[in-house]
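Asks: I'd like to ask some things about the structure below.
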Amino acid sequence: MRWLKASAPKEPLRERRPSHRRLKGLALLYLCLFGWILVLAYSGNLPSQLSAIPYYDKFGHVILYGVATYLGQRLFHRFTLHLGRYRLSMWVVVFSTWTFVEEGAQSFAPTRSLDAMDLVCSALGIGMGYWLAARELSRQGNSS
269 MRWLKASAPK EPLRERRPSH RRLKGLALLY LCLFGWILVL AYSGNLPSQL
319 SAIPYYDKFG HVILYGVATY LGQRLFHRFT LHLGRYRLSM WVVVFSTWTF
369 VEEGAQSFAP TRSLDAMDLV CSALGIGMGY WLAARELSRQ GNSS
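Following this note's numbering, the numbering of the sequence shown begins with 269 at its first residue and continues without gaps.
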């Protein structure tokens with residue numbers, strides 16, 4: 269097992285810095301939103317209006333974890349883990365592990381419950397977010 273940090277991109281750094289800065293800012297903003305939603309969920313203070321939406325919790329998992337994976341993968345795509353002939357995204361590995369642990373921790377919280385479907389929806393969101401980020405990154409690579 270070895271770590272790899274990919275080589276520098278072909279375009280000059282000054283050409284990609286503004287969009288990279290925006291991406292970092294957006295990711296930081298989303299991290300705050302994600303954290304706030306977790307605080308609301310663990311404290312039992314999610315808006316009651318959400319319950320009017322069927323399966324809002326499941327859709328929420330797909331969207332929240334999908335966007336987080338997309339932004340994280342766009343920022344950290346250069347960090348990969350090599351396992352034999354396979355290359356794994358470190359962001360996806362770390363975020364998936366955190367997701368699994370966080371979902372398990374819900375069984376200890378009085379306002380939350382452990383739900384296998386939540387974990388499945390989170391995994392679906394992670395997969396979709398990774399796929400969208402990989403697609404976007406390959407388009408950027410092909411256009412230069």
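From the three backbone atoms N, C-alpha and C, an ideal C-beta is built for every residue, glycine too.
Between the alpha carbons of residue 398 and residue 323, how many angstroms are there, rounded?
Replies: 23 Å
Asks: Less than 8 Å between the CB atoms is what I'm expecting for residue 345 and residue 401, so what's the real figure, rounded?
Replies: Contact between residue 345 and residue 401 holds, with the beta-carbon distance rounding to 7 Å and staying under 8 Å.
Asks: In angstroms with no decimal places, state the Cα-to-Cα distance between residue 341 and residue 360.
Replies: 7 Å
Asks: For residue 345, write down the residues that DSSP places opposite it in a beta bridge.
Replies: Bridge partners of residue 345: none, in fact.
Asks: Can you have a look at residue 260 and say buried or exposed, based on whether 16 or more other CB atoms are within 10 angstroms of its CB?
Replies: The first residue shown for the chain is 269 and the last is 412, placing residue 260 beyond what the model contains.
Asks: Look up residue 354 in the DSSP assignment and give the residues it is bridged to.
Replies: For residue 354, which the question treats as bridged, DSSP gives the partners 351.
Asks: Residue 363: buried (16+ other C-beta within 10 angstroms of its C-beta) or exposed?
Replies: buried
Asks: Tell me whether residue 276 is buried or exposed, calling it buried when 16 or more other Cβ atoms sit within 10 Å of its Cβ.
Replies: Note on residue 276: pLDDT 48, under 50, position unreliable in the model; no value is reported.
Asks: Measure the Cβ-Cβ separation of residue 348 and residue 394 and say whether it is below 8 Å.
Replies: No, Cβ-Cβ distance for residue 348 and residue 394 is not below 8 Å.
Asks: Give the secondary structure of residue 289 by DSSP, where H, G and I count as helix, E and B as strand, and everything else as coil.
Replies: In the structure shown, the three-state DSSP call for residue 289 is helix.
Asks: Give me, in chain order, the residues of the same chain whose beta-carbon lies closer than 6 Å to that of residue 390; leave out the 5 immediate sequence neighbours on both sides.
Replies: 329, 333, 367
Asks: Helix, strand or coil: which one does DSSP assign to residue 382?
Replies: Of the three classes helix, strand and coil, the one that applies to residue 382 here is coil, per DSSP.
Asks: Quick check on residue 339: buried or exposed, where buried means 16 or more other Cβ atoms within 10 Å of its Cβ?
Replies: buried
Asks: Could you pull out every residue in the same chain whose Cβ sits closer than 7 Å to the Cβ of residue 356, ignoring the five residues on either side in sequence?
Replies: The beta carbon of residue 356 sits closer than 7 Å to the beta carbons of 348, 349 from its chain, once the five residues preceding and following it are set aside; these are given in chain order.
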